[in-house]
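Before any comments, here is the structure.
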Amino acid sequence: MDTIVQPGGPIRSAARRPLGGGGFREIGAVRKAMLNKYARAFFTRVLTPFAALLLRWGVSPDAVTLIGTAGSVAGALVFFPRGEFFWGTITITLFIFSDLVDGNMARQAGTSSRWGAFLDSTLDRVADAAIFGGLALWYAGQGDNELLCAVAICCLASGQVVSYTKARGESLGFPVDVSGLVERAERLVLTLVAAGVAGLHGFGVPYVEWLLPVALWLVAVGSLVTVGQRMLTVRRESREAEAAA
Ligand SMILES: CCCCCCCC/C=C\CCCCCCCC(=O)OC[C@H](COP(=O)(O)OP(=O)(O)OC[C@H]1O[C@@H](n2ccc(N)nc2=O)[C@H](O)[C@@H]1O)OC(=O)CCCCCCC/C=C\CCCCCCCC
Ligand SMILES: O=P([O-])([O-])O[C@@H]1[C@@H](O)[C@H](O)[C@@H](O)[C@H](O)[C@@H]1O
Ligand SMILES: [Mg+2]
Ligand SMILES: [Mg+2]
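Laid out in structure tokens, this is it:
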């Protein structure tokens, strides 16, 4: 096992995977999308003292992962289907930062593990499903817009497929050396900023309600493009491996 230290980011343990013909590529050292590249280091610095405090209180990284997911799911499914976008976004935002804190705690405590990585990524999928599912439920019900309901479902499904492409590619031994146009952080920031601001419409702020549909379209199209980018990358890596063999 090699240890890869990513600047401003997590330390990942990554296997060197055979690529046929005796070559090896490291899993985990991939090109990152914008937010992961530029914002992660900042949030790591800001959240490190808080993560250290939680560790001193005896809280485990797994507990933070679980509580963060439960809070995000509750915020999304309680508020979004009723069209309460402002309070839904505030609740989700408070809990979703746990996804940056859990890994930070594990690294500080020296307990980063493959179980932790599995739990973290699996529960990310649950939170994502609740967020876009909550928005789809709004448009299917009182929001009364079939097209936007379909777009929200497309965001949900394509976001999950984006993650699956990487997980499946890596499980087959490919580096999947691409993040693509929109990683999870981009999908969430676009959606939550738009939902939060659009929610101000409920407090009488005019002309903000169109932000959410625009963001959903952007996330849906961006995620589909990202699926394509990752599939093409795996196809190229597969052909390279076969050629080398
Ligand atoms: C007018 C309003 C304007 C508002 C502007 C707001 C601007 C945007 C604000 C914030 C943006 C924040 C972006 C931060 C993104 C940084 C990029 C990033 O890091 O993304 C990925 C991460 C987490 O990834 P991961 O979980 O993989 O990393 P970890 O560090 O956890 O490491 C994983 C490894 O750790 C080990 N491990 C983990 C867990 C465990 N139990 N055990 C373990 O061992 C293991 O080795 C693992 O492999 O972040 C995300 O994906 C989350 C993104 C957060 C998105 C925030 C969205 C909020 C945005 C906006 C809210 C706006 C509210 C507006 C309200 C408007 C009112 C008017
Ligand atoms: O692949 P994707 O969904 O765009 O991106 C995500 C990564 O950026 C994140 O670090 C990880 O914790 C998620 O589970 C997910 O894999
Ligand atoms: Mg995390
Ligand atoms: Mg995560």
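Residue 5 is where the sequence shown starts when you use our numbering, and the numbers rise one by one after that.
Where a beta carbon is used, it is the ideal one built from N, C-alpha and C, also for glycine.
| Query | Result |
| --- | --- |
| For Lys36, which of Leu196, Val186 and Ile71 has the nearest alpha-carbon? | Val186 |
| Hey, is Asp148 close to ligand 3, as in C-beta under 8 Å from one of its heavy atoms? | no |
| Is any heavy atom of ligand 1 found at a distance shorter than 8 Å from the C-beta of Ser117? | yes |
| Taking contact to mean 3 or more Cβ pairs, one atom from each stretch, closer than 8 Å, check whether the region 130-138 and the region 80-95 are in contact. | yes |
| Taking the C-alpha atoms as reference points, what is the distance between Cys158 and Ala245? | 33 Å |
| Smallest Cα separation from Val63: which of Lys41, Asn149, Arg49 and Asn108? | Asn108 |
| Pairs of beta-carbons, one from the region 193-204 and one from the region 82-93, closer than 8 Å: are there three or more? | yes |
| For a quick check, are the C-beta atoms of Leu220 and Thr97 less than 9 Å apart? | no |
| Between which two residues does the alpha helix (DSSP H) harbouring Gln164 extend? | Glu150 to Ser175 |
| Classify Gly232: buried if its beta carbon has 16 or more other beta carbons within 10 angstroms, exposed otherwise. | exposed |
| Got a sec, what are the start and stop residues for the alpha helix (DSSP H) Tyr143 sits in? | Arg118 to Ala144 |
| So does Val77 have its beta carbon nearer than 8 Å to some heavy atom of ligand 2? | no |
| Please classify Val218: is it buried, with 16 or more other beta-carbons within 10 angstroms of its beta-carbon, or exposed? | exposed |
| For ligand 2, enumerate in chain order all residues having a CB closer than 5 Å to any of its heavy atoms. | Ser125, Asp128, Val166, Ser167, Lys170, Glu187 and Arg188 |
| Quick one: what's got a C-beta closer than 8 Å to Arg234's C-beta in the same chain, skipping five residues either side? | Val166, Thr169, Lys170, Gly173, Val180, Val182 and Gly184 |
| Start and end of the alpha helix (DSSP H) containing Lys41? | Met38 to Arg60 |
| Can Gly206 be considered in contact with ligand 6, in the sense that its beta carbon sits closer than 8 Å to one or more heavy atoms? | Looking at this structure, you won't find ligand 6 anywhere; what it does contain is ligand 1, ligand 2, ligand 3 and ligand 4. |
| I want to know whether the region 51-70 touches the region 105-125 - three or more CB-CB distances under 8 Å. | yes |
| Between Val130 and Thr73, how many whole angstroms is the CB-CB distance? I'm expecting something under 8 Å. | 6 Å |
| Between Arg191 and Val229, how many whole angstroms is the CB-CB distance? I'm expecting something under 8 Å. | Going by Cβ atoms, the distance from Arg191 to Val229 rounds to 12 Å, so no, they are not a contact pair. |
| Put Glu214 into one of helix, strand or coil per three-state DSSP. | Inspection of the sequence shows that residue 214 is occupied by Trp rather than by Glu. DSSP places Trp214 in coil when its eight states are reduced to three. |
| Are Phe54 and Val105 closer than 9 Å when you measure CB to CB? | yes |
| Could you give the distance in angstroms between the alpha-carbon of Arg60 and the alpha-carbon of Gly208? | 44 Å |
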